[in-house]
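Protein chains: 4
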Amino acid sequence: MSFNTFGKIFRFTTWGESHGPAIGCIVDGCPPNMALSEKDIQKDMNLRRPGNTKFVSQRKESDKIEILSGIFNGKTTGTPISILIRNEDKRSRDYESIKNKFRPGHADFTYFQKYKIRDYRGGGRQSARETASRVAAGAIAKAVLRNIIGKKFNIIGAVTQLGLMGCNKNNWNNNEIRKNPFFCPDKKSVKLWEKYLLAVRKSGSSCGAIIELRAKGIPPGLGAPIYSKLDADIAGALMSINAVKGVNVGAGMNAAYLSGEENSDEMKSGSGKIKFKSNNAGGILGGISSGQEIITSFAVKPTSSIVNSRETIDKKGKNVKISVRGRHDPCVGIRAVPIGEAMLACVLLDHFLMNRAQCG
Amino acid sequence: MSFNTFGKIFRFTTWGESHGPAIGCIVDGCPPNMALSEKDIQKDMNLRRPGNTKFVSQRKESDKIEILSGIFNGKTTGTPISILIRNEDKRSRDYESIKNKFRPGHADFTYFQKYKIRDYRGGGRQSARETASRVAAGAIAKAVLRNIIGKKFNIIGAVTQLGLMGCNKNNWNNNEIRKNPFFCPDKKSVKLWEKYLLAVRKSGSSCGAIIELRAKGIPPGLGAPIYSKLDADIAGALMSINAVKGVNVGAGMNAAYLSGEENSDEMKSGSGKIKFKSNNAGGILGGISSGQEIITSFAVKPTSSIVNSRETIDKKGKNVKISVRGRHDPCVGIRAVPIGEAMLACVLLDHFLMNRAQCG
Amino acid sequence: MSFNTFGKIFRFTTWGESHGPAIGCIVDGCPPNMALSEKDIQKDMNLRRPGNTKFVSQRKESDKIEILSGIFNGKTTGTPISILIRNEDKRSRDYESIKNKFRPGHADFTYFQKYKIRDYRGGGRQSARETASRVAAGAIAKAVLRNIIGKKFNIIGAVTQLGLMGCNKNNWNNNEIRKNPFFCPDKKSVKLWEKYLLAVRKSGSSCGAIIELRAKGIPPGLGAPIYSKLDADIAGALMSINAVKGVNVGAGMNAAYLSGEENSDEMKSGSGKIKFKSNNAGGILGGISSGQEIITSFAVKPTSSIVNSRETIDKKGKNVKISVRGRHDPCVGIRAVPIGEAMLACVLLDHFLMNRAQCG
Amino acid sequence: MSFNTFGKIFRFTTWGESHGPAIGCIVDGCPPNMALSEKDIQKDMNLRRPGNTKFVSQRKESDKIEILSGIFNGKTTGTPISILIRNEDKRSRDYESIKNKFRPGHADFTYFQKYKIRDYRGGGRQSARETASRVAAGAIAKAVLRNIIGKKFNIIGAVTQLGLMGCNKNNWNNNEIRKNPFFCPDKKSVKLWEKYLLAVRKSGSSCGAIIELRAKGIPPGLGAPIYSKLDADIAGALMSINAVKGVNVGAGMNAAYLSGEENSDEMKSGSGKIKFKSNNAGGILGGISSGQEIITSFAVKPTSSIVNSRETIDKKGKNVKISVRGRHDPCVGIRAVPIGEAMLACVLLDHFLMNRAQCG
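Protein chains in written order, with this note's numbering: chain A, 99 to 458; chain B, 99 to 458; chain C, 99 to 458; chain D, 99 to 458.
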């Protein structure tokens, strides 16, 4: 049982609140003797951190990580890697006006119901700030996977739907994704998305997003039936990200509309290679990787902290109005991209190690 | 780590293959001193078992359960409940012709890649026959929840989309669901669905489905952030069911298309009660139950075993054709309804016990 | 969390009560593609089963195991191995006279305090009959270890102290252990022990024992600091056996009396081999195996079910006398030998797999 | 699976090396809304920290803890409590001369065999410095238990055997234990122990110890058979402490020498109370607490770092001599007292929560 720990063999445990002195995580079970530096991790941290474009929260956090243990002479020792990230730009006063109100769409009400105590400063533990720790853990997982699998390994995430705006997935280009502020894989959509998101923010509202993740180079055989299926663990991992409401693997929800012939991916061999003719399975059959690209996507609901006035109740049960100001993302889905990548990397590494345990 | 165990405090471990002598499960962590009989469980077993209508597999299994431990004088003792279900109607010869071929859409290829050994008789462990054990465990979870929460507790599942055929969810009627062979909640759709599914089967093909689950009477406060969120555990649980490719909680994937105002559920109080004005959250905020109805849905891909000829390879890597005969469901989604209910019940009970552990 | 499951990767879950229809276990996480038959397991079962000499309980159980899953064509498939052992010689009437009394030294009182329900027939789940399942799981672990490590692997247990009777450990002879009814490693002590134990039984009393376990061929590097240390897991495993009150690793409790020079095992190399000059560590340093023989021992308290009259209370809190008749072992420690071996084998295999997971 | 995490519901994860910048832990699963301050924890830290008497290591560490999360307005929030302890007095140069040698009795050799990398500075992760984190976690567990159980709850540990010097347990006096530098419960032994330990140190050697722990006020019913027995978890917990080689519960290893009548604790009731006439069980029957005082003891081997010359090998396998200077405890067993208390407190709280989960 693990409230704040993720994973089975490669495990990370996160701690910290949005407006406490710091947040961080412990990464345990990392294989020993692999090169790892703060730089490897910082690169991914920078993808998630707030304040770096006008389309995300203006909270200024450098999200600079400190490694406090687990590395000796530039190599992992096999012991826990402790990572610390200080909270620098806390403005708890932003929360004074809402400290007794339950923000609709947030976990204010449910945390209070559960724990009978409320840390109102930025949502405390329920804040998505916690996800910075996940990105750090994920960066380590990626480094280890690259070390084990080599260059053919790659994980990339992209926003494929920004609120009502889609993109053309046929134009997917890995090289474009990190060149625009939306992690959009289709260069042609970027301009439109800019206009759309500015309009959304200006209207005092927010929008949702769909993120797609793709992992290449994953060997077949990862995934442990029945209750540690690779896709089950991916679904749990992605659904644990703040504001996520739906998860697809391969064809996902659309699989319901396909016929048996359309859906199941035919196989054929040639020149010593086995190929699938399609990938509705998202690279996973019976919970085990097939060697195809792993493809999964998830939906992030629109930011619940909006300026537009909403009805709610306060701690005494009185009906009140609420308008949430402060420094919020108009679309929290954008910054969910590196978080999704991180969670997927952790699940894949965990399953790699699990498979090595049982199957050698 | 648990390959074949589900749950944290209320845990079940399943075993058995499609064509072995029997399958079964051990249910551990069940609270003591609660009335429980084989009849309580058998009722749910009968909802899932094959051969009971012409729209499902014609394999004849009585799925009669035997309780071998954990009950004394009609009450749970707090010790493991061992359940045995014999396999009666095995026809392994059906599998002779495909024993060396990898069926597209099935886990034949990935199991073989992982374990380097293949139990081809009905798919062995990868068969959905395993889910009979889940239904047994779920029936126990339901009985315990009913015992703890009382009459206001209810879990019900329904097929809301059968391949290309939808239904009108405004006509949802709990009483209709178990009166038709599709678990369809909208009486008006049943006739159409009959014709549709017969046509699908006749054409040698199959279709997918979407199942929606609703749980009433769940107290607020269940769910343990961050990595045992109630919705994350539900997503993992449902994605672990054979052939499931997508999971939604509340608005699910559609949340991506909503605005902040549309999505977040406003609250209001009156006559001493707290009410939400909508339920896009599906009863879960920040991974913790809000006291609203829990609503989740999942997509089941079309049956991969179809008569229509498909291309694939055999164990030697040779390109071959395959046509899967035998006794298969034209839509495996239908029998997924009681399985989904069972998994949801187990997750909810598990979280009830977890919450009691930490929060009293 | 796991009430009735032991292990981390190689895991077994046991079920069943002394006087129910059967007992059994599920062994999960077993590596695939290894030869395994019922015979491999039955051999160990016969070492533990009651009724085979006059020095143990006269309950007649064949303890014949049935494998219900996980094996295909004589090989493990990597899926759960379900084992069933029927209870044949139940005489629940023996327990009628004590059904409302709490037997001193037994768990009658504590089970009742915990669960508020009592299965008095042979102690129900608290009975040492449960350990038959452990022996079955341990036999599988031994077979896998032999398969992986080869012929140099060996686990053997022996009784080195029978109540007040010791033996000369300098005479330890593996070949003698299974030739006498006490698992005594010193042939010269057997005659004396026979006389002693008959006298103990005749007097209506019972005696305790110390069992020593030795494992050869264990590679260095097994054990995962800090909280999965090999010795910590061995201690937990052995202390979980019924009636065990103390566990030693290497010098054990006597380490307290040694000086630094006497205790720490010096090393020296020669002819390409590394040797330790002594083995006070019991083959484990810092929780990790050193490559030396693993040596551990544990104390079993005297059988609590004795004929001699004892004072106790009944369920209503009334002071009563109790004399426990029935078919009990005069020294339960004897049959603890194969159980200890089994638990040690399971811990060692589990750590082998864990080490393979993290360290390759 | 958890390499560096202890516990099931109340869980702590530790990190950090002896000579890194800091060490620390995350405590998860703590019940919410309980008063907790740094002062509550610091008190226990001071019992373990080095440099406070001439009978322990002269390394000067203030062991001042910082709480980085999990507390809001003086109360626990139910979220993870992150604790940081800086390493202040590192003298890594002490280790230069032995960096390539394997110290006998230490884990140098086994860590190197396992991880193929060696952090020689103070032993890195294998150092007992890690136990400072355990004491912090244990202090939280004690505070919670006191909060739940009230004043009748108490845990106290004492050294009852210092090398060859025993004490008279009939003189056990809780109030004396923390008044002398040995945690000796018998005032009359203190002077002799002083002389003895000074002589041991002066001779360049070291000695072992036996520590006894007693917990009062523990309710009956804690402990979850079969594989989460209270005594099994205690044994695992204590054996995981550095240098521990043996663990007893109640009569412990001596139980082997008792007769059935001597060993099993008779019960009797009077004036509405149930009493046991002895406590050979150490307060635990069948793995479940009986309501009696919990009594357990463990043996700590003599400090392996001694000045007297010893034979060993270096990383290249060459035979060498070693004399370990630096600032070492002549008897590491002394500082094991607060560590043992901490581990016992964590196990007891964990089982309290586990029992509440299943049995309400």
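Every residue, glycine too, gets a C-beta built ideally from N, C-alpha and C.
Not a single CB atom of chain B sits nearer than 9 Å to the CB of Ala230/C. For Leu134/D, not one C-beta of chain B is nearer than 9 Å to its own C-beta. The beta carbons of Asn378/B and Lys399/A sit closer together than 9 Å.
Judged by DSSP secondary structure, Cys123/A falls within the beta strand (DSSP E) whose first and last residues are 120-126. Note on Gly458/D: under 16 other CB atoms within 10 angstroms of its CB, so exposed under the neighbour-count rule.
For Phe104/D, DSSP records a beta bridge to Phe110/D. Residue pairing for Arg408/C: DSSP places it in a beta bridge opposite Ile420/C. Between Val288/D and Gly105/D, the alpha-carbon positions lie close to 36 Å from each other. As the crow flies, the alpha-carbon of Thr175/B is around 29 Å from that of Leu442/C. A Cβ-Cβ separation of about 6 Å places Thr394/A in contact with Gly380/A under the 8 Å criterion. When DSSP states are grouped into helix, strand and coil, Gly302/C belongs to the coil group. If you keep only unbroken alpha helix (DSSP H) runs of at least 4 residues inside the region 295-378 of chain A, you get 328-337, 358-361.
Contact between Gln224/A and Ala205/A holds, with the beta-carbon distance rounding to 4 Å and staying under 8 Å. In the DSSP annotation of this structure, Val154/D is not part of any alpha helix (DSSP H), being labelled neither H nor E.
The beta carbon of Tyr218/C is closer than 6 Å to those of Tyr193, Lys197 in its chain, skipping five residues each way along the sequence. Per DSSP, the unbroken beta strand (DSSP E) holding Thr258/D starts and ends at 252-260.
Using a Cβ-Cβ cut-off of 9 Å, Glu310/C does not count as an interface residue toward chain D, since no Cβ of chain D sits closer than that to its own. Around the C-beta of Asn102/D, 16 or more other C-beta atoms lie within 10 Å, and the residue is accordingly described as buried. Relative to Phe251/B, the option among Lys314/B, Lys152/B, Ala307/B, Thr112/B whose CA is nearest is Lys314/B.
Secondary structure at Val430/A: coil, using DSSP grouped into helix, strand and coil.
In this structure, Arg276/A is the residue among Leu328/A, Arg276/A, Arg201/A with its C-alpha nearest to the C-alpha of Asn150/A.
Close partners of Met143/A in chain B (Cβ separation under 8 Å) are lacking, with about 18 Å as the shortest Cβ gap.
Taking a cut-off of 8 Å for Cβ pairs, the region 349-365 of chain D and the region 209-218 of chain D do not touch, as fewer than three such pairs fall below it.
Lys285/A is the residue among Lys285/A, Lys293/A, Ser116/A, Arg433/A whose C-alpha sits nearest the C-alpha of Asn268/A. The three-state secondary structure of Glu186/B, taken from DSSP, is coil. Identification of chain A residues near Arg227/D by a Cβ-Cβ cut-off of 8 Å yields none; the smallest Cβ-Cβ distance measures about 11 Å. Counting along the chain, the unbroken alpha helix (DSSP H) around Thr229/C starts and ends at 229-247.
Each residue's CA atom was taken as its position, placing Lys162/B and Gln140/B some 7 Å apart. Rounded to whole angstroms, the separation of the alpha carbons of Pro202/C and Asp138/C is 38 Å.
The region 323-338 of chain D and the region 383-393 of chain D touch, with no fewer than 3 CB-CB distances between them shorter than 8 Å.
Close to Gln224/C, with beta-carbon spacing below 7 Å, are these residues of chain D in chain order: Pro323, Gly384. Rounded to whole angstroms, the separation of the alpha carbons of Leu134/B and Pro318/A is 43 Å.
The Cβ-Cβ distance between Lys366/C and Thr410/D falls below 9 Å. If you look at Ile275/C, you'll find it in the alpha helix (DSSP H) that goes 272-275.
Interface criterion not met: the Cβ of Thr208/D is under 9 Å from no Cβ in chain A. Excluding its 5 nearest sequence neighbours in each direction, Ile238/C has C-beta neighbours in its own chain below 7 Å: Val125, Cys128, Leu134, Ile139, Ile179, listed in chain order.
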